[in-house]
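Enquirer: When we follow my numbering, the leftmost residue of the sequence shown carries the number 1460, and every step to the right adds one.
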Amino acid sequence: MLLHSPAMTLDYQAITSADGIINAAKVLGSKYGPFKVAVAAAEDDDVLKACAEAAELGFAFFTLFGSESKLREIGEKHKIDFSGFTIVNTKDANESAHLAAESADKGKADLIQKGFLSTSALLKTVLSRDFSLRAADTLNHVAVLGFPGYHKLLGLTDGGMVVKPTFDQKVQIINNSIKLFHCLGYEKPKVAVSAAVDYIHQRLTATTEAAQLTAMNKDGLIPDCEVYGPVTFDAATSRSVALSRGITNYVAGDADIFLVDSIEECNIVSKTLILLSPATFAGVIVGARVPVSLVSRTDTARNKLASISIACLFSHYLKAAK
């Protein structure tokens, strides 16, 4: 059965795992043709291995911006066949980022993949006035995790863009993030708003803002989702914990998105899950005209493949929603 999101009918069922993300990208690539991916500073072993696997699976075509000699060296080391890739030789990471952003701006790329350069360097270029890639006032990073002990995917935001979101930024982050979950097949994503406690405490701003966001959602000012907070991470992801504290709201224990109060909080939670669960991690920046696939330089090729895949899904969603 095809699930309907507020913007489109999807070609796959609601996705609950990293494998499901990759399989859905294969479905779209088979039906509509490969996605065009611009890789900025592509001289990264695991990025290239992920690109090679995505190309082999048939859902993406890659333009690699970087040092051709280094790319060939990495390709030889990992036996990567570049015959189906386009390589654009560049002098440094800044030029790579500029050309990748330019290709997306001109419609030659459906999404951008971060390679071996800093996030700040890439986004400074992507969001510069040289291009028209910014779609929202606030962009945010969503880490979509699949980990043992939770029955579906969980999106954590924001651990990569907004250091300490204001109330208005939290509204925008919710609006950006629910679109990503719409593209995963969740018609009304459940958004849990983080705080240190599960009740309103006037001296804890996170709790009062969470309550305001919940009220705005009830009043229809944040549509197409269900918002509840304040709620701690354990109550957001465990129904038994939530009920033991008297929390009966159905977002608790079944959250799709966990909105944090600071970049530190998101990084602590996500990296703990990735290292100790272990969790599969698909990371993407939302709020621009094209998705930016973004994980840590130290992430595995598997996580980078999942990130490319989710960015492909979101690219298709954004185009269909126009």
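Even glycine gets a Cβ: it sits at the ideal position worked out from N, Cα and C.
The structure presented is a predicted model; accordingly, all values stated were derived computationally and were not measured.
Are the CB atoms of residue 1741 and residue 1703 nearer to each other than 8 angstroms?
Expert: No.
Enquirer: In three-state DSSP terms, what is residue 1545?
Expert: DSSP places residue 1545 in strand when its eight states are reduced to three.
Enquirer: Of the residues 1739, 1572 and 1717, which one's Cα is nearest the Cα of residue 1525?
Expert: Checked all of 1739, 1572 and 1717; the closest Cα to residue 1525 is 1572.
Enquirer: From the DSSP output, in three-state form, read off residue 1752 for me.
Expert: Residue 1752: strand per DSSP, three-state reduction.
Enquirer: Could you give the distance in angstroms between the alpha-carbon of residue 1696 and the alpha-carbon of residue 1775?
Expert: Approximately 29 angstroms, taken between the alpha carbons.
Enquirer: Quick one, which of 1532, 1589, 1515 and 1477 has its alpha-carbon nearest residue 1606's?
Expert: Comparing Cα positions, the closest option is 1477.
Enquirer: For residue 1618, which residues of its own chain have a beta-carbon under 7 angstroms away from its beta-carbon, when the five flanking residues on both sides are left out?
Expert: Excluding sequence neighbours, residue 1618 sits near 1600, 1602, 1722, 1725, 1726 and 1729.
Enquirer: May I ask you to report which of helix, strand or coil DSSP gives residue 1460?
Expert: Since pLDDT at residue 1460 reaches only 27, below the 50 mark, its modelled position is unreliable, and no value is offered.
Enquirer: Taking contact to mean at least 3 C-beta pairs separated by less than 8 angstroms, is the region 1639–1657 in contact with the region 1514–1525?
Expert: Touching, no.
Enquirer: Just how far apart, CA to CA, sit residue 1781 and residue 1594?
Expert: Cα to Cα, the separation comes out at about 12 angstroms.
Enquirer: Taking the alpha-carbon positions, what's the residue 1670 to residue 1609 distance?
Expert: Whole-angstrom Cα-Cα distance: 25 angstroms.
Enquirer: Can you find at least 3 beta carbon pairs, one from the region 1669–1686 and one from the region 1646–1654, that sit closer than 8 angstroms?
Expert: The answer is yes - the region 1646–1654 touches the region 1669–1686, with three or more Cβ pairs under 8 angstroms.
Enquirer: Taking 8 angstroms as the CB-CB cut-off, is residue 1556 touching chain B?
Expert: The structure shown contains no chain B; it holds only a single protein chain.
Enquirer: Quick check: what's the CA-CA separation for residue 1556 versus residue 1700?
Expert: Between residue 1556 and residue 1700, the C-alpha separation is close to 45 angstroms.
Enquirer: Does the region 1479–1486 come close enough to the region 1532–1549 to have 3 or more Cβ pairs within less than 8 angstroms?
Expert: No, because fewer than three Cβ pairs between the region 1479–1486 and the region 1532–1549 fall closer than 8 angstroms, the two stretches do not touch.
Enquirer: Can you tell me which of the three DSSP states residue 1622 falls into?
Expert: Correct three-state label for residue 1622: coil.
Enquirer: Pick out the complete alpha helix (DSSP H) segments inside the region 1550–1582, 4 residues or longer, and give them in chain order.
Expert: DSSP runs (the alpha helix (DSSP H)) wholly in the region 1550–1582: 1552–1564.
Enquirer: Beta carbon of residue 1570, beta carbon of residue 1475: below 8 angstroms?
Expert: Taking 8 angstroms as the Cβ cut-off, residue 1570 and residue 1475 do not qualify as a contacting pair.
Enquirer: Which one of 1639, 1761 and 1660 has the shortest CA to CA distance from residue 1469?
Expert: Comparing Cα-Cα distances from residue 1469 to each of 1639, 1761 and 1660, the minimum goes to 1639.
Enquirer: Could you give the residue range of the alpha helix (DSSP H) that holds residue 1736?
Expert: Neither: residue 1736 is in no alpha helix (DSSP H) and is coded neither H nor E.
Enquirer: Could you round the C-beta distance between residue 1752 and residue 1743 to whole angstroms and report it? I think they count as a contact, below 8 angstroms.
Expert: Their Cβ separation, rounded to whole angstroms, is 6 angstroms, which keeps residue 1752 and residue 1743 in contact under 8 angstroms.
Enquirer: Over the uninterrupted alpha helix (DSSP H) stretch that includes residue 1513, give me the two end residues.
Expert: Note, residue 1513: alpha helix (DSSP H), 1504–1516.
Enquirer: Residue 1676 to residue 1532, Cα distance in whole Å?
Expert: So the alpha carbons of these two residues sit roughly 52 angstroms apart.
Enquirer: By the 10 Å Cβ neighbour count, where 16 or more other Cβ atoms means buried, how is residue 1463 classified, buried or exposed?
Expert: Only weak support is given to the placement of residue 1463: the predicted model assigns it a pLDDT of 41, under 50, and the question is left unresolved by the model.
Enquirer: Judging by CA-CA distance, which residue of 1488, 1504 and 1503 is the nearest neighbour of residue 1515?
Expert: Of the listed residues, the one whose Cα sits closest to residue 1515 is 1488.
Enquirer: For residue 1471, which residues of its own chain have a beta-carbon under 7 angstroms away from its beta-carbon, when the five flanking residues on both sides are left out?
Expert: Cβ within range, chain order: 1483, 1486 and 1644.
Enquirer: On the DSSP bridge assignment, give the partners of residue 1600 in chain order.
Expert: Per DSSP, 1744.
Enquirer: With a 10 Å radius around its C-beta and 16 neighbouring C-beta atoms as the bar for buried, classify residue 1502 as buried or exposed.
Expert: Flag for residue 1502 reads buried.
Enquirer: In angstroms with no decimal places, state the Cα-to-Cα distance between residue 1577 and residue 1674.
Expert: C-alpha separation (whole angstroms): 38 angstroms.
Enquirer: When the Cα atoms are used, what is the spatial distance from residue 1628 to residue 1680?
Expert: Near 14 angstroms, if we compare the C-alpha coordinates of residue 1680 and residue 1628.
Enquirer: Could you pull out every residue in the same chain whose Cβ sits closer than 6 angstroms to the Cβ of residue 1720, ignoring the five residues on either side in sequence?
Expert: Correct list, in chain order: 1653 and 1665.
Enquirer: From the DSSP secondary-structure annotation, give me the bridge partner or partners of residue 1522.
Expert: The partner list for residue 1522 (beta bridge, DSSP) reads 1497 and 1545.
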